[in-house]
Amino acid sequence: MSKNLLHFSFGRRMLMLCFALLFSAAAAMAQGPISGKVTDNLTKEPVPGVTVSLKGNSRVGVITDAGGNFKINASTNDVLIVSSVGYTRREVAVTGNNMAITLESESKALSDVVVIGFGTRKKKDVTSSISTVSSDQIEKSTALSPEMALQGQATGVNVTSAGADPTARPTVRIRGVSTFNAAEPLYVIDGIPFLEGGAGKQVDETNAPTLRGTVNIYNIINPADIESISVLKDASAAAIYGVRAANGVILITTKRGKKGQMRIDFDGQYGKLSVPKTYKVLNTQQYTKYYTDFYNAYPELKNNAPVPIGQSQDFGSFFDPASPNYIGNLPTYDWQDAIQNKDASLVNYNVRASGGTEATTYNLSAGYSRNDGAFKGINANRYSIASNVDSKFGKYVSAGLNLRLVQGKSNLGQFGGFTNDLQTYRAAPFQPIYGNGANGYAPLYSLTHPLTPGQFTEGVDYNKIYGVKSTNMNNYLGALSLNSSTSNNQSVVGNAYIQIEPVKNLKIKGIYSGTQFRVEQKTYTDFGTWQFSETPKNPYDGYASPPLGSTPNALGMINSVTTSIQKSVNINYNHSFGDHNIDLTADASQQTLKWVSYGQNGSIYTTDPSLRYYGVSPDSKSYYSNNADNAVIGLLGRASYNYKSKYYLDAVYRNDRSSRFAPGNRTSNNYGFSASWRISAEDFMKSLTWINDLKLRGGYGGLGNDQTTAGWKYLSAAGTPVPSYNLGDVQTNNPGITFPNFANVGLTWENKYTTNVGFDAVMFNNKFNVTVEYYRAVTKGIIQSYLPPPSSTIKNNVDVNIGDVLNRGFEFNVGYNDRFGDIGINLSGNLTTVHNEVLKLYQHQALRGNGYSLEEGQPIGFLYGYKVGGIFQSQAEVDAYKAKINDQNAKATAPGDMYFQDIHGSPKAGSTAYNNTPDGIVNSNDQTNIGNTIPKYVYGFTIGADYKGFDISAFFQGKGGFKKYNYARAAGETAGAFRNQFVSVLNAWTPTNTNTDMPRAVYQDPNGNSRFSDRFVEDGGYLRFQNLTVGYTFPKALLGRTNVLQNLRISLTGINLFTVTDYTGIDPENDFSPSTRQFLLGLKASF
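Residues -30 to -1, 1 to 1057 in mature numbering (1 follows the signal peptide of the UniProt record, and there is no 0) are what the sequence shown lists, from first letter to last.
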């Protein structure tokens, strides 16, 4: 019995122990809601948007709310992975409920995520050359398009503003200019490569009118929707986009939703804009005296000034103070002031709703922008709607849809272009602006036909009656009141994907994307414009019986549709085994572009705006249409490897085929290799605690370029010659067919080869970062046109792959961030140097035209003209110069005229190039390099600080090491046809004013003082105070306890506050369309 009791006792104890273990295990494994709060270890403020997930089961995760709070199902044996952008990742064991977790800020130089194309990486893991611009920097730009956000912010990028025209496209160049042809970078927006020609052209397959003139296609992207911009600058980074990426790639990534409750963000700006500077021109009294001296200095007109060409009358009475016709006492009218829009506003309103669940995240946004334009007749507005939705369907399938709809409208000015506005500075100062002409404007008053408005009669050809000569500028405002030029744009951009993950870390994604741009441009020219024109034509009166005149209203329309479709399949696999990490990507894609354009030009009788369409009158009409298409098919492979996050290797290969070339030359092999070594991760660096991160990196690669030639250039065009042929017995003219251009089936890609080496360093407790990089890029086989010798019987130019160009330089980027109690300081700056050089041209022959030149050993597009030697001070100097040198461009030379240098001699026998020995003759052979037009360096720097909610940021940018030809000054200091002049001409040489560099004022400029020379070449370098922002973010304690209003910030911003430059024009970036000065009040709120 005792034995049985013993067994029972032992069994009972074992059973109780088992139950205890079972309950203990059950208690340990039971999952329940664990709550906690995440805060910043320095500021002690809650951190919203932190991802909290279970280690080993990443599918279980939550996002902290606005107060940093979270709740997750976990057990006390679990480990939580806590991560957020900008903070060091932590693993925290679950110890119970109400957990308090702190995160330590990680250096932005290491933690920021960089979009690299087909993926992302942290900055510390990047091996190639990529510049980034964050959403905070983008928000400081008020431009309609995103390109201006890159100016001075992205290392290696040179952005030239389009000026006051809100619709025009800035010029963007990455690491110099690498080709004679289209040099625009490729834009990729949310993975969609935008196929659209460079420099404001839609496509270059035909010579048809452009689809949208100067209107910038990238205005469809609302800058407020952008999360980041990455610039891929070398082949190792850009090769994934193949033949479209030789000029660099600009990756634009828009904002997406995150898990959490709905968040509504509002961002609004309202401000005023104006022109900071105008030209200083003569008033009526100065104008009268100047032109009197101007004509009297010419021997044939002396004592009889002035006698306009084509007139028998002597209009000298207009310059005679004793005459009642004297114009010197007339008032001065300020044309530059009159064309400005004095109450121009700038408006940007954006609202965004984002959030999501475990299954679906979303980001919805709407925006409205309006720029009234600093000049009358030039303005734009835009409405945009965008949505990004991402969904998960179970554990292995996800899908998403991105959609963007944009409607834009712009007024382009009377002439369909902008430059005519500020050219009104040349209007005669006595010319009235307002009067009793149409719409209250004054008809043109000209000395060659001084008529009163009552004398103008429809149907009378004043050209024939008065022999009108161009003597004054049009009354631009009068013409603008009658005429119009508008552009209406509709854009649809869509991207849909589905992704499956059949096994862990293997993702297969199918993507279908498309873009469509519809543009309607319409111009209307009223026959009433004749009264405002300097050369009035014969106005049409269609209602007279019989009709009178020959110049009716004119109407022009261009309608176009550009459609691009891309289909791709992307496979990505990443895996870590031990200390080894691999990331493999493969992609197959096809992208097609179809462009259709049709237009009409004709005449129309009615002036009723509602009836300005074709078909309302039987008058003459013309119709035309054009279409073009091209396609690119690509296969991509990329492999990335790193060991212990210390040694990195990347390799990418892409095979492209483009329809732009002949079948035998359509394939391009694009490749890139890059590597980096994080020296700071080595054991021997651990004692250098002041170095947080140090990385050496380098890369090499080669890219083809199919964006520099029109389609079908490898074929010969057929044409009908003139005269025709007489063949056989029947003597009848019969048209034949010729092939005027040479069919070069060997025409192929331009190829660009890039090399870069550099280092990235983060130091002093992550407070200071620096990047230094050297780059070198050689473009070979640039497509160049040349005229074959006469023996070839080819009469037109032939395109061949012949030119080579070099770009090389250094890039520097530095940043400093620190806090001193409640005061935060942030400083950053960048500098890029560029050496540009043409290495090879066809038969080493220079290409010249319009004051610019291509020549081996020189930069692309340098200024080419005469060099001024000085000003003759006496007749003896004139005689001595003429005894030695024959200036073939000069006649009637006199004291006060300029003399030009004899630099070169005539070409030697059998050569087309000049020789370097002066020959005593000044002619076209003596034109030479008078200025490099490509900046040798571009830079930008930011100074910022914050204190208890207040913040201030100042941004400066500039360029240097280049020259500009001042076209405005060349016109404003060259008198003729009674146009107004700059006040600087008052310093013209006279016998009593000899200490000047301004030549004498003389009618018709017989000596050629205004020939294309370095007289008007100036240093184009500048430093611009581009942006000053002062803001205040309200503390959360003042926003109420309801947590409805999560964030509130107000700001005041000034744009283009001042510019330091030696350039005498109104803007070193644009002579006739200056960048506007803006002051804006901003409000940002989150709910």
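Glycine included, C-beta positions come from ideal geometry on N, C-alpha and C. Predicted model only: the values in this text are computed from it and were never measured.
Item: Hey, residue 1049 and residue 343: beta-carbon distance below 9 Å or not?; Value: no
Item: Kindly identify the DSSP beta-bridge partner or partners of residue 481.; Value: 467, 538
Item: Where does residue 934 sit, in a helix, a strand or coil, going by DSSP?; Value: strand
Item: Once you ignore the five residues that flank residue 1029 on each side, which residues in its own chain have a CB closer than 6 Å to its CB?; Value: 992, 994
Item: Given a cut-off of 9 Å on the beta-carbon distance, is the pair residue 152 and residue 677 in contact?; Value: yes
Item: Between the alpha carbons of residue 1034 and residue 933, how many angstroms are there, rounded?; Value: 12 Å
Item: Assign residue 294 to one of three DSSP states: helix, strand, or coil.; Value: coil
Item: So what's residue 396 in DSSP terms, helix, strand or just coil?; Value: helix
Item: Suppose contacts are defined by Cβ-Cβ distances below 9 Å. Is residue 217 in contact with residue 675 by that definition?; Value: yes
Item: What are the boundary residues of the alpha helix (DSSP H) that includes residue 848?; Value: 845 to 854
Item: Would you list the residues sitting across from residue 986 in a DSSP beta bridge?; Value: Answer is none; residue 986 lacks a bridge partner.
Item: Just to confirm before moving on: does the CB-CB distance between residue 487 and residue 1054 stay below 9 Å?; Value: no
Item: Return the chain-ordered list of same chain residues with a C-beta closer than 7 Å to the C-beta of residue 1060, the five sequence neighbours on each side being excluded.; Value: Here the chain comprises residues numbered -30 to 1057, so residue 1060 is not present and cannot be evaluated.
Item: Check residue 3 in the structure and name its three-state DSSP category.; Value: strand
Item: Mapping DSSP to helix, strand and coil, what is residue 9?; Value: strand
Item: Ends of the alpha helix (DSSP H) at residue 452?; Value: 446 to 452
Item: Please classify residue 652: is it buried, with 16 or more other beta-carbons within 10 angstroms of its beta-carbon, or exposed?; Value: exposed
Item: Measuring straight from C-alpha to C-alpha, what distance separates residue 544 and residue 618?; Value: 14 Å
Item: Quick test of your reading: residue 836 and residue 899, contact by CB under 8 Å. State the CB separation rounded to the nearest angstrom.; Value: 12 Å between Cβ atoms; not a contact.
Item: Where residue 333 and residue 555 are concerned, what is the direct C-alpha to C-alpha distance, given to the nearest angstrom?; Value: 27 Å
Item: State the CB to CB distance for the pair residue 904 and residue 855, rounded to an integer number of angstroms; the pair is presumed to be in contact (CB under 8 Å).; Value: At roughly 33 Å, the Cβ-Cβ gap does not stay under 8 Å, so residue 904 and residue 855 are not in contact.
Item: According to DSSP, simplified to helix, strand and coil, what is residue 1060?; Value: No answer is possible for residue 1060: it lies beyond the span of the chain, which begins at -30 and ends at 1057.
Item: Tell me residue 315's beta-bridge partners as DSSP assigns them.; Value: 242
Item: Can you tell me whether residue 231 is buried or exposed? The criterion is at least 16 other CB atoms within 10 Å of its CB, across all chains shown.; Value: exposed
Item: Excluding sequence positions up to five away, which residues of its chain have a Cβ less than 6 Å from the Cβ of residue 851?; Value: 869
Item: What are the boundary residues of the beta strand (DSSP E) that includes residue 1054?; Value: 1047 to 1056
Item: Which parts of the stretch 54 to 101 are runs of the alpha helix (DSSP H), unbroken and 4 residues or longer, counting only runs that do not cross its ends?; Value: 78 to 81
Item: Considering only their Cβ atoms, is the gap separating residue 300 from residue 955 smaller than 9 Å?; Value: no
Item: State the DSSP-derived secondary structure class of residue 638, mapped to helix, strand or coil.; Value: strand
Item: Quick check on DSSP: helix, strand or coil for residue 857?; Value: strand
Item: With a 10 Å radius around its C-beta and 16 neighbouring C-beta atoms as the bar for buried, classify residue 894 as buried or exposed.; Value: exposed
Item: To the nearest angstrom, how far is it from the Cα of residue 381 to the Cα of residue 493?; Value: 10 Å
Item: Just the Cα atoms here: how many angstroms apart are residue 327 and residue 538?; Value: 28 Å
Item: Output yes or no for whether 9 Å exceeds the beta carbon distance between residue 541 and residue 474.; Value: no
Item: Can you tell me which of 686, 27, 1015, 48 puts its alpha carbon nearest to the alpha carbon of residue 716?; Value: 686
Item: Please report the residue range of the beta strand (DSSP E) in which residue 362 lies.; Value: 348 to 363
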